[in-house]
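Every letter in the sequence shown is one number past the one before it in numbering that gives the first Met the number 0, and letter 82, counting from 1, is 81.
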Amino acid sequence: MARQDVTPQQVETMVDQYKGVIEQNGGTVEKTEMWGVKSLAYRIKKNRKAHFTMFNLNAPAPAVAEMERQMRINEDILRFMTIKVEELETEPSVMMQKRDRDERKDRERRERDGGGFDGASEGEEA
0 MARQDVTPQQ
10 VETMVDQYKG
20 VIEQNGGTVE
30 KTEMWGVKSL
40 AYRIKKNRKA
50 HFTMFNLNAP
60 APAVAEMERQ
70 MRINEDILRF
80 MTIKVEELET
90 EPSVMMQKRD
100 RDERKDRERR
110 ERDGGGFDGA
120 SEGEEA
């Protein structure tokens, strides 16, 4: 999680930096998902929102430890969490599936409502 006032380009730069750390230490980044800015359940270092990013890593312990060390000293990183799993997911995460579902619902709603504004006022025919 990165501070809310960091730009998306800066977030991408940080992602590339941490990918480089993993790859330099013999690991690979299988998947990266940018989840965007989300509201936090409680304030963290005076921030109410944060940029969320998820990595699927296949890396040795020293590579992960170095990435975590660099995240710890970066003031733009609010929190991070590393979880060891038996097998990496190849499908989009639940967060990305939710975003796709929400976008699809919005698109269907616009199509159902007539596609938007056509220039006619209420009560007038176009």
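We put the beta carbon where it would ideally sit given N, CA and C, even for glycine.
This structure is a prediction, so every number in the text was calculated from the model and none was measured.
Which residues does DSSP list as the beta-bridge partners of residue i?
{"i": "Lys30", "result": "Asn55"}
{"i": "Arg108", "result": "The partner list for Arg108 (beta bridge, DSSP) is empty, contrary to what the question assumes."}
{"i": "Gly35", "result": "Phe51"}
{"i": "Asp46", "result": "First, the residue type needs correcting, since residue 46 is Asn and not Asp in the sequence shown. Note: Asn46 sits in a beta bridge opposite Ile43."}
{"i": "Arg103", "result": "According to DSSP, Arg103 bridges with nothing at all."}
Take residue i as the anchor and find which of the options has the nearest alpha-carbon.
{"i": "Ala49", "options": "Ala1, Asp112 and Gly19", "result": "Ala1"}
{"i": "Ile82", "options": "Glu67, Met95, Gln96 and Asp75", "result": "Glu67"}
{"i": "Thr6", "options": "Ile76, Lys44, Leu39 and Thr31", "result": "Ile76"}
{"i": "Pro91", "options": "Asp15, Glu32 and Asp4", "result": "Glu32"}
{"i": "Val10", "options": "Val84, Gln96, Glu22 and Trp34", "result": "Trp34"}
{"i": "Met80", "options": "Met95, Val63, Glu86 and Gln96", "result": "Val63"}
{"i": "Glu29", "options": "Tyr41, Lys97, Arg108 and Glu86", "result": "Glu86"}
{"i": "Ile72", "options": "Tyr17, Arg109 and Asn46", "result": "Tyr17"}
Do residue j and residue i count as a contact pair if the criterion is CB distance below 8 Å?
{"i": "Phe54", "j": "Lys37", "result": "no"}
{"i": "Glu88", "j": "Asn24", "result": "no"}
{"i": "Val14", "j": "Gln69", "result": "no"}
{"i": "Gln8", "j": "Asn46", "result": "no"}
Is it the case that the CB of residue i approaches a heavy atom of the ligand GDP more closely than 7 Å?
{"i": "Met0", "result": "The ligand GDP is not among the ligands present in this structure, which contains no ligands whatsoever."}
Within 8 Å, do at least three Cβ pairs link the region 89-105 to the region 59-73?
no
Counting only runs of 4+ residues fully inside the region 59-92, write out the alpha helix (DSSP H) ranges in chain order.
60-72
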